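Notes to accompany the following structure.
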Amino acid sequence: MSLSELSPKQPYTVEQATPPPPTARPGAGSEPEARVMSGKYSSILIAFAMTALTMTIIPAALLCLIFANRLTHGATLSVDLQTPVDTAQGRASGIYYVNISATTLVFLSSLMSTLASVLVASLMLLFSYPAMSRILAKSRLQGDDLPTPFQLNLLVQLFRGGLGALWSWLTYLVEWRGKRARIATEVNLTAAFSVAAIALGLLISVADTWLHLTTQSVQYSRITAQPAVEHHEYGRGLSEYCVQAMLPRLTGNRSCTAMGGNLLNESDVFNTLYDLSPANRIHIFNDTISRHTYALIAAPSPDPAIDFTASTFALSTQCTLITRACNLRLSSSVSYPFDCKSVIDFGGDLFSSSSAFLFRMFNSSAGSDTLTYPDAANPFYWALASMTPGVYGADVEDPEIDTTYKGTGTVLWCNTTVHEVVYSSVNGSVAGLAPSAAAAGRVGNTTLGGLFAQAMEVAPGFWQPAARDAMQKAVLRLPEARDPAAMLLDEFPAEFSRIAAAFGAPGLGPRENVEEQVRGSLIVASVQVAPLFMVVVLGFMYALLAAGLAVVALCTGEGVHDAVAKLGISGIVALGFERERGLGEPVEKIEELYEEWAGKGTARVSIRKTEAGWGYGIVGGK
Numbered sequence: 001m002s003l004s005e006l007s008p009k010q011p012y013t014v015e016q017a018t019p020p021p022p023t024a025r026p027g028a029g030s031e032p033e034a035r036v037m038s039g040k041y042s043s044i045l046i047a048f049a050m051t052a053l054t055m056t057i058i059p060a061a062l063l064c065l066i067f068a069n070r071l072t073h074g075a076t077l078s079v080d081l082q083t084p085v086d087t088a089q090g091r092a093s094g095i096y097y098v099n100i101s102a103t104t105l106v107f108l109s110s111l112m113s114t115l116a117s118v119l120v121a122s123l124m125l126l127f128s129y130p131a132m133s134r135i136l137a138k139s140r141l142q143g144d145d146l147p148t149p150f151q152l153n154l155l156v157q158l159f160r161g162g163l164g165a166l167w168s169w170l171t172y173l174v175e176w177r178g179k180r181a182r183i184a185t186e187v188n189l190t191a192a193f194s195v196a197a198i199a200l201g202l203l204i205s206v207a208d209t210w211l212h213l214t215t216q217s218v219q220y221s222r223i224t225a226q227p228a229v230e231h232h233e234y235g236r237g238l239s240e241y242c243v244q245a246m247l248p249r250l251t252g253n254r255s256c257t258a259m260g261g262n263l264l265n266e267s268d269v270f271n272t273l274y275d276l277s278p279a280n281r282i283h284i285f286n287d288t289i290s291r292h293t294y295a296l297i298a299a300p301s302p303d304p305a306i307d308f309t310a311s312t313f314a315l316s317t318q319c320t321l322i323t324r325a326c327n328l329r330l331s332s333s334v335s336y337p338f339d340c341k342s343v344i345d346f347g348g349d350l351f352s353s354s355s356a357f358l359f360r361m362f363n364s365s366a367g368s369d370t371l372t373y374p375d376a377a378n379p380f381y382w383a384l385a386s387m388t389p390g391v392y393g394a395d396v397e398d399p400e401i402d403t404t405y406k407g408t409g410t411v412l413w414c415n416t417t418v419h420e421v422v423y424s425s426v427n428g429s430v431a432g433l434a435p436s437a438a439a440a441g442r443v444g445n446t447t448l449g450g451l452f453a454q455a456m457e458v459a460p461g462f463w464q465p466a467a468r469d470a471m472q473k474a475v476l477r478l479p480e481a482r483d484p485a486a487m488l489l490d491e492f493p494a495e496f497s498r499i500a501a502a503f504g505a506p507g508l509g510p511r512e513n514v515e516e517q518v519r520g521s522l523i524v525a526s527v528q529v530a531p532l533f534m535v536v537v538l539g540f541m542y543a544l545l546a547a548g549l550a551v552v553a554l555c556t557g558e559g560v561h562d563a564v565a566k567l568g569i570s571g572i573v574a575l576g577f578e579r580e581r582g583l584g585e586p587v588e589k590i591e592e593l594y595e596e597w598a599g600k601g602t603a604r605v606s607i608r609k610t611e612a613g614w615g616y617g618i619v620g621g622k
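Take the sequence shown: its position 441, counting from 1, is numbered 441 in full-length UniProt numbering, and each next residue is one higher.
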């Protein structure tokens with residue numbers, strides 16, 4: 001065909017060609033020999049592998065990574081050593097904590113979501129086999145349920161997948177109403193399946209987005225029990241020296257911390273008081289349940305990775321203000337008298353002391369008998385009258401706090417109790433404190449009281465400067481306090497307990513921890529169970545759908561693969577431009593429909609204008 005033959009007045013048309021007569025198969029009478037196109041099984045299996053295997057492997061890999069690296073607290077974690085975060089993470093039934101990067105998990109989910117949208121075309125290819133099998137069966141009956149040419153065009157688009165094909169089908173349903181022919185069942189079935197396949201892919205994308213939004217990196221504490229043989233000695237008990245020194249005097253009151261009226265290990269007392277001791281450290285613990293504040297003696301630098309419970313001694317002090325009952329009043333610039341006889345046996349003149357600081361111990365709550373060395377009591381009672389120089393409390397209006405131009409005066413009536421306790425430490429901080437079960441029968445043990453009180457009795461000049469400093473700090477804060485008296489009764493007694501604990505600390509030695517665990521902090525992925533399993537289940541559904549379609553496609557009969565292949569772009573182009581070959585010449589491969597495959601491809605396709613508009617034509621060739 002030459003260019004002159006393709007004039008605008010002669011549009012290119014494809015004439016109906018007569019297919020060559022079929023050859024007879026031996027022994028088959030007049031039945032034609034059928035040449036079946038190859039590639040059916042490979043096409044189906046490739047589509048199956050791309051969909052079913054992919055959508056099985058990825059969610060399975062996601063589950064394997066999560067369950068292989070999932071973290072749990074286990075049964076070794078002690079309730080006393082749990083933090084609120086530990087409790088929340090341990091009870092979180094809808095969350096998996098996974099020791100793997102959150103980025104890795106969401107990447108796999110995103111990959112599956114992306115492929116679910118892309119692989120709709122493979123699902124449609126698998127669906128095209130049963131659809132074309134139905135059309136092939138109906139073709140033998142020559143009924144009116146076969147697709148029209150335009151409906152065949154819709155099938156071609158739908159088999160390729162995508163929203164554009166669905167739009168063409170919807171347009172055909174709406175805009176062609178009243179003039180379109182009856183729609184073949186296979187067209188509607190294919191459209192419905194395309195909607196389902198696209199919807200399934202969109203559901204996977206929604207689940208993936210949900211998983212993205214809820215998966216995050218969090219700090220997680222991994223807890224492991226420490227064997228008893230490896231326990232540290234962070235607890236405190238009587239030192240070997242004190243046990244030996246006090247053994248002959250178990251019924252007496254003399255304490256090892258003040259033997260012969262001398263303070264035991266003065267340097268360690270001061271080092272402990274100012275947090276410099278290599279042997280002991282004083283911790284202040286506020287018990288929100290009992291509303292008491294405790295000063296407990298512990299190890300100076302425990303490993304912060306070790307959570308533990310240990311036994312020790314703790315001191316608590318409770319005070320009341322009796323300033324008004326003691327009639328503390330500034331009578332002159334050189335006299336600041338008080339008399340507490342209506343309450344306790346305590347009185348004097350603050351200005352009789354150069355430090356305006358008068359302290360006395362008592363052996364009972366009656367406040368009548370002075371506690372003198374070597375007497376001991378637990379709790380031990382004490383009274384303190386003091387004046388803090390300066391006008392810090394000038395704006396304080398409280399009857400129990402006397403503010404004068406000389407300073408701020410107060411009188412306290414207090415008791416300090418020594419407790420045998422078991423405390424817990426978590427993340428390097430004291431987390432809880434409870435009475436020791438072993439000490440249940442030793443409540444009020446005077447030996448314990450003497451351990452701390454006698455050390456203070458024999459060395460008042462060592463601890464009273466620290467107590468005056470503590471009172472000074474408390475008074476400085478009085479003007480800013482909403483309840484000045486309550487603030488004073490919170491701060492100063494706690495500091496007094498800390499001072500008293502430091503004076504008894506040299507008489508203590510290390511004790512092995514009661515229980516111990518190692519806490520390791522990790523950055524892990526927090527994965528919500530619901531979106532995770534939604535992604536996985538939808539992925540498996542996608543794979544099962546592909547597997548089912550592949551089985552049905554493999555079971556289709558002869559000629560179906562030919563129909564599917566020739567309904568593709570390659571078959572339709574051959575039908576339009578290759579004349580006899582495209583009109584149904586028996587071939588085994590789709591490429592054989594083209595003359596160029598046989599080495600005869602000299603014809604070219606051109607675009608030109610005809611009376612019917614722009615169209616295609618053949619240039620050259622035979």
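Heads up, the beta-carbon is just placed ideally off N, CA and C, and yes, glycines get one too. All of these numbers come straight from a predicted model, not from anything done at the bench.
Query, Result
"Under 9 angstroms between the Cβ atoms of Y172 and Q151?", "yes"
"Ordered along the chain, which non-local residues of its own chain (more than five positions away) have a Cβ less than 7 angstroms from that of A431?", "S424, S425"
"Rounded to whole angstroms, how far is the Cβ of Y234 from the Cβ of A298, which I believe are closer than 8 angstroms?", "6 angstroms"
"Suppose you measure from the CA of E31 to the CA of R604; what does that come to, to the nearest Å?", "Because E31 sits at a pLDDT of 44, beneath the cut-off of 50, its placement in the model cannot be relied upon, and the point is left open."
"Using 8 angstroms as the cut-off, classify the Cβ of R180 as near or not near the heavy atoms of the ligand HEM, replying yes or no.", "This structure lacks the ligand HEM, and indeed carries no ligand of any kind."
"Measuring straight from C-alpha to C-alpha, what distance separates G348 and P337?", "6 angstroms"
"Less than 7 angstroms between C-beta atoms, sequence neighbours within five positions excluded: which residues of the same chain meet that for D339?", "C326, N327, G347"
"On the DSSP letters alone, give me the boundaries of the beta strand (DSSP E) that N286 sits inside.", "281–287"
"Measure the C-alpha to C-alpha separation of L125 and F159 and round it to an integer number of angstroms.", "6 angstroms"
"Between the C-alpha atoms of L321 and P484, what's the straight-line distance to the nearest angstrom?", "11 angstroms"
"If I'm right that T56 touches F540 with Cβ under 8 angstroms, what's the distance once you round it to whole angstroms?", "7 angstroms"
"By Cβ distance, which residues of its chain are closer than 7 angstroms to I607, with the 5 residues on each side in sequence left out?", "W614, Y616"
"Which runs of the beta strand (DSSP E) at least 3 residues long sit entirely within the region 422–484? Give them in chain order.", "429–435"
"CB-CB under 6 angstroms to M37, same chain, minus the five flanking residues each way: which ones, in chain order?", "H561, D562, A565, E588"
"Taking DSSP as the reference, what is the three-state secondary structure of I607?", "strand"
"Leaving out five residues before and five after G620 in sequence, what residues of the same chain have Cβ atoms less than 6 angstroms from its Cβ?", "T602, A603, R604"
"From the DSSP output, which residues share a beta bridge with T293?", "N286"
"When the Cα atoms are used, what is the spatial distance from S429 to D80?", "13 angstroms"
"Can you give me the start and stop residues for the alpha helix (DSSP H) that F380 sits inside?", "Note, F380: premise wrong, no alpha helix (DSSP H); beta strand (DSSP E) at 380–389."
"Go ahead and label G520 buried or exposed: buried means 16 or more other beta carbons lie within 10 angstroms of its beta carbon, across all protein chains shown.", "exposed"
"Measuring alpha carbon to alpha carbon, tell me which residue in I58, T214, S122, S101 is nearest L529.", "The residue you asked about is not Leu; residue 529 is Val in the sequence shown. Ranking the options by Cα distance to V529, first place goes to T214."
"By a C-beta neighbour count over all protein chains shown, 10 Å radius and 16 as the cutoff for buried, is P465 buried or exposed?", "exposed"
"Considering Cα atoms alone, identify which of D402, S194, P510, F193 is closest to R329.", "D402"
"Can you name the residues that DSSP bridges to C414?", "C319, W382"
"Kindly confirm or deny that the region 378–385 and the region 357–366 touch, where touching means at least three C-beta pairs closer than 8 angstroms.", "yes"
"What are the residues that DSSP puts in a beta bridge with G348?", "F338"
"Can you give me the C-alpha to C-alpha distance between D469 and E480, rounded to a whole angstrom?", "19 angstroms"
"How about F313 and V421: do their beta carbons lie closer than 9 angstroms?", "yes"
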